[in-house]
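Residue 49 is where the sequence shown starts when you use my numbering, and the numbers rise one by one after that. Beta carbons: idealized from backbone N, C-alpha and C, even for Gly. Beneath this line is the structure, given in structure tokens, with notes to follow.
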Amino acid sequence: MDGDDYGRLIYLSLLLVAVAGWGFSEYRGRMGQGLRAFLAWGLIVLGLMAGYGLWQDIRHDVMPMQRASASAIEIPRAMDGHYYITLTVAGQPLTFMADTGATGVVLSKSDAARLGIDLADLVFAGQSQTANGIVRTARVRLDDVSLGPFHDASIGAFVNEGDMDGSLLGMEYLGRYSIEISGDRMILRR
49 MDGDDYGRLI YLSLLLVAVA GWGFSEYRGR MGQGLRAFLA WGLIVLGLMA
99 GYGLWQDIRH DVMPMQRASA SAIEIPRAMD GHYYITLTVA GQPLTFMADT
149 GATGVVLSKS DAARLGIDLA DLVFAGQSQT ANGIVRTARV RLDDVSLGPF
199 HDASIGAFVN EGDMDGSLLG MEYLGRYSIE ISGDRMILRR
């Protein structure tokens, strides 16, 4: 154990002593009632822990995630009706909304910053027509882009100067795949 572990142990011990002291003073003369309350809260905490553990096991069934095989990527439709695709860009997972109405790959400012792109160094010289009007954009290159087994050394993208909830994956990238939509699944093949 290192110094941090000893500190945590001391903190948890003090917390336990404080809770036990409160329990003894609150339930003085009614220890049976106090023990029942303690056991009830213990069972509640155990139930929450078990629920969290089960959620980790079943969340992929409740909220399906994209699946990759050697020849295809299968993306489930999200509850909002869109398809969200997670690419790995320079080792960093990044989620994009598939947008067949968009030409290019468009990064939000927050996603660009997550990838290590210095927003202060960008020149927002381009313009793009969106549903919300014209926005200024800056051209960037994304290196080492992977989607499942498919890899691209470099792809072009834009950083949007306006506010965006997330990044968009337009046809410049999606056009590298054959796209099939079947039921509530988008299937990309190369």
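Among the residues of its own chain, which have a CB less than 6 Å from the CB of residue i, if the five just before and after it don't count?
i: A120; result: I235 and R237
i: A138; result: D191 and D192
i: H130; result: M145
i: I123; result: Q114, Y131, I133 and M234
What three-state label does DSSP hand residue i in the structure shown?
i: A120; result: strand
i: D6; result: No answer is possible for residue 6: it lies beyond the span of the chain, which begins at 49 and ends at 238.
i: Y131; result: strand
i: F206; result: strand
i: Q292; result: Here the chain comprises residues numbered 49 to 238, so residue 292 is not present and cannot be evaluated.
i: L222; result: helix
i: F172; result: coil
i: A138; result: coil
i: D43; result: With the chain covering only 49 through 238, there is no way to say anything about residue 43.
Going straight from the alpha carbon of residue i to that of residue j, what length do you get?
i: G149; j: T185; result: 17 Å
i: W89; j: E74; result: 15 Å
i: G231; j: A126; result: 12 Å
i: L62; j: G55; result: 11 Å
i: D300; j: G69; result: Past the boundaries of the shown model lies residue 300; the chain is included only from 49 to 238, so the question cannot be answered.
i: D211; j: S156; result: 7 Å
i: S202; j: L195; result: 13 Å
i: G82; j: I133; result: 51 Å
i: L216; j: L222; result: 11 Å
i: V153; j: D147; result: 9 Å
i: Y59; j: G204; result: 51 Å
i: L170; j: D159; result: 14 Å
i: D53; j: F72; result: 28 Å
i: M79; j: W103; result: 36 Å
Against chain D, does residue i count as a neighbour if the rule is that its beta carbon must be under 9 Å from one of theirs?
i: M212; result: Although the question refers to chain D, the structure presented lacks it and comprises just one protein chain.
With a CB to CB cut of under 8 Å and the five nearest residues on each side skipped, what residues in its chain are close to residue i?
i: V65; result: none
i: G174; result: R184, T185, A186, R187 and F206
i: R189; result: S202, I203, G204 and A205
i: E209; result: K157, F172, V183, R184, T185 and A186
For residue i, which residues from the same chain have a beta carbon less than 7 Å from its beta carbon, with the 5 sequence-adjacent residues on both sides left out?
i: I227; result: M234 and L236
i: L94; result: none
i: E116; result: According to the sequence provided, residue 116 is Ala. The question's Glu does not apply to it. Closer than 7 Å at Cβ, skipping near neighbours: G196 and P197.
i: G225; result: For clarity, residue 225 is Tyr in the given sequence; the question names Gly instead. Correct list, in chain order: L236, R237 and R238.
Pull up the DSSP beta-bridge partners for residue i, would you.
i: R237; result: A120 and S226
Is any heavy atom of the ligand NAP found at a distance shorter than 8 Å from the C-beta of residue i?
i: S156; result: By its list of ligands, the structure shown contains no ligand whatsoever, and the ligand NAP lies outside what it can speak to.
Original post:
Do the region 176–184 and the region 161–168 meet, that is, are 3 or more Cβ pairs less than 8 Å apart?
Top reply: With a cut-off of 8 Å, the region 161–168 and the region 176–184 do not count as touching, because too few Cβ pairs lie within range.
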